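Each remark here refers to the structure printed beneath this line.
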Amino acid sequence: MSLLDTQVQAFVDQSLSYYPTDATDSNVDQQRLWYNALCKGFATPLALGISAKDDVVLAKDGYSVPVRRYKHQAQAQESHGDDDVLIVFMHGGGFVVGGLDSHHDICGELVHETGLNLVSVDYRLAPEHQYPADINDCLTVVDQALEAGSKVILVGDSAGGLLGGCVANARKSFVGTALLGQVLIYPALNRGADTPSMTEHAHAPLLTKADMDYYLPIRVGGDISQIPYQDEQYIPMHTSDFSGLPPTHLFPAEVDPLRDDCELYAQALRSANVGVSNHVDVGQGLVHGHLRARNMSDQAAANFAAICAAVKELAQ
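So for the sequence shown, our numbering puts the first residue at 877; every next one is plus one.
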């Protein structure tokens, strides 16, 4: 019996019409063409009153990190207590695909639903750029926001969720003041271990164990033996100390090899007395990448509403 209802199955079928199951067997240029077509196929226009403007943030080494800044015009015209709260969004895509356009409508809808401004980070991608280029770009944008006096909420999906967790590891000194929390959506958080979900959903529709075997080491040239297992800026659960991390909301998908990463991370946070909510309930019957299904699946829509509610809760 399928775990997917007809709406989610329709989303899976449409996704596979753009992006094949064995995409990671192809070269990077082809993967990006397929992924761009996928994103365009599900894209929706920004709501009225939401503006988006491209910008750059200059890193200490002179590199200009491309970003896209989203504003909620209605809130900007009013006196609003959350004006100084900023969502920093890190997109998914296995560190290989994605960018400012891939999650454009998702970012715009987050702004529309939460009333908060948002900056999306176009971090450098592998394999052309190797670790730590990606996390350094995310830290550059977060640091600029913090230095400007903003209170920051980290939001990321998939690979972006991993990067969000690594930013939280690196900026724990701001927890309790300026780093309000993190919302991680079907993130990779662990070391690629053989968790029950990694075995049970090894051949899940939109992300497989084989995909993860490709993505996890690609930031260090594709050689799994080169993964820095003691580096908390490579994978969130590489940290030796979970205490002091910010309040966290986790949104796993049920039919996803990464599902159990959220539970392992949640257990580690609870043991360190960090506030954490693992929203497994709203992820039932959903697959990796379901943010794009929010306009065609009731379950995905409910999950997205819960994500927005979690962001608003952190902003209070």
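Yeah, the Cβ is synthetic: ideal placement off N, Cα and C, and Gly gets one too. The structure displayed is predicted, hence computed values, not measured ones.
Quiz prompt | F965, DSSP secondary structure in three states | solution = The count along the sequence shown starts at 1 and reaches residue 965 at position 89. If DSSP states are grouped into helix, strand and coil, F965 belongs with the strands.
Quiz item: Can you tell me where the beta strand (DSSP E) with S1037 in it begins and where it stops?
Solution: Position 161 of the sequence shown holds residue 1037. Per the sequence shown, residue 1037 should be read as Gly rather than Ser. For G1037, there is no enclosing beta strand (DSSP E); the enclosing alpha helix (DSSP H) covers residues 1035 to 1046.
Practice problem: Throw me the rounded Cβ distance for the M1113 and R1170 pair, which I believe falls under 8 Å. | Solution: As a working mapping, residue 1113 is identified with position 237 in the sequence shown. As a working mapping, residue 1170 is identified with position 294 in the sequence shown. About 28 Å; that fails the 8 Å criterion.
Quiz item: Between L1082 and the rest of its own chain, which residues show a CB-CB distance below 7 Å, the 5 nearest in sequence each way excluded?
Solution: For the purposes of this step, residue 1082 is identified with residue 206 of the sequence shown, where counting begins at 1. Within the same chain, L1082 has close Cβ partners V888, S891, V1163, H1164, G1165.
Practice problem: Give the C-beta separation of G1025 and D960 to the nearest angstrom, bearing in mind that I take them to be a contact with Cβ-Cβ under 8 Å. | Solution: Walking along the sequence shown from the start, residue 1025 turns up at place 149. Walking along the sequence shown from the start, residue 960 turns up at place 84. Yes, G1025 and D960 are in contact; Cβ-Cβ is about 7 Å, under 8 Å.
Exercise. In angstroms with no decimal places, state the Cα-to-Cα distance between I982 and L1167.
Key: As a working mapping, residue 982 is identified with position 106 in the sequence shown. As a working mapping, residue 1167 is identified with position 291 in the sequence shown. Roughly 7 Å between the two C-alpha positions.
Quiz item: Do the segment 1123 to 1142 and the segment 1054 to 1064 meet, that is, are 3 or more Cβ pairs less than 8 Å apart?
Solution: yes
Practice problem: With S1049 as the anchor, note down where its alpha helix (DSSP H) starts and where it stops. | Solution: Taking the first residue of the sequence shown as position 1, residue 1049 is located at position 173. No alpha helix (DSSP H) contains S1049, which DSSP labels as neither H nor E.
Quiz item: Among all the DSSP beta bridges, which residues are the ones paired with L1030?
Solution: As a position in the sequence shown, residue 1030 is number 154, starting the count at 1. Beta-bridge pairing links L1030 to V964, Q1058.
Quiz item: Do P1123 and G1151 have their C-beta atoms closer together than 8 Å?
Solution: On the sequence shown, residue 1123 is found 247 positions in, with the first residue counted as 1. On the sequence shown, residue 1151 is found 275 positions in, with the first residue counted as 1. Going by beta carbons, P1123 and G1151 fall inside the 8 Å limit.
Self-check item: Distance between F1050 and L1022 (C-alpha atoms, nearest Å)
Solution: Your numbering for residue 1022 matches position 146 in the sequence shown. Your numbering for residue 1050 matches position 174 in the sequence shown. Roughly 9 Å between the two C-alpha positions.
Practice problem: Would you tell me roughly how many angstroms separate the C-alpha atoms of N1045 and L1092, rounded to the nearest one? | Solution: Position 169 of the sequence shown holds residue 1045. Position 216 of the sequence shown holds residue 1092. Distance between the alpha carbons of N1045 and L1092: 18 Å.
Quiz item: If we count Cβ pairs, one from each stretch, closer than 8 Å, do we get three or more for the segment 968 to 976 versus the segment 1029 to 1038?
Solution: yes
Quiz item: Based on the DSSP output, what are the partners of D930 in its beta bridges?
Solution: Here residue 930 refers to the residue found at position 54 of the sequence shown. Note: D930 is bridge-paired with R944 in the DSSP secondary-structure output.
Quiz item: Taking DSSP as the reference, what is the three-state secondary structure of F1127?
Solution: For the purposes of this step, residue 1127 is taken as residue 251 along the sequence shown, with counting starting at 1. In the structure shown, F1127 sits in a strand (DSSP, three-state: E or B).
Practice problem: Could you tell me the distance, in whole angstroms, from the CA atom of A919 to the CA atom of M1172? | Solution: The residue given as residue 919 occupies position 43 in the sequence shown. The residue given as residue 1172 occupies position 296 in the sequence shown. Looking at the two C-alpha atoms, the distance is approximately 12 Å.
Quiz item: Beta-carbon of L1082 versus every beta-carbon of chain D: anything under 8 Å?
Solution: The question asks about chain D, but that chain is absent: this structure has only one protein chain.
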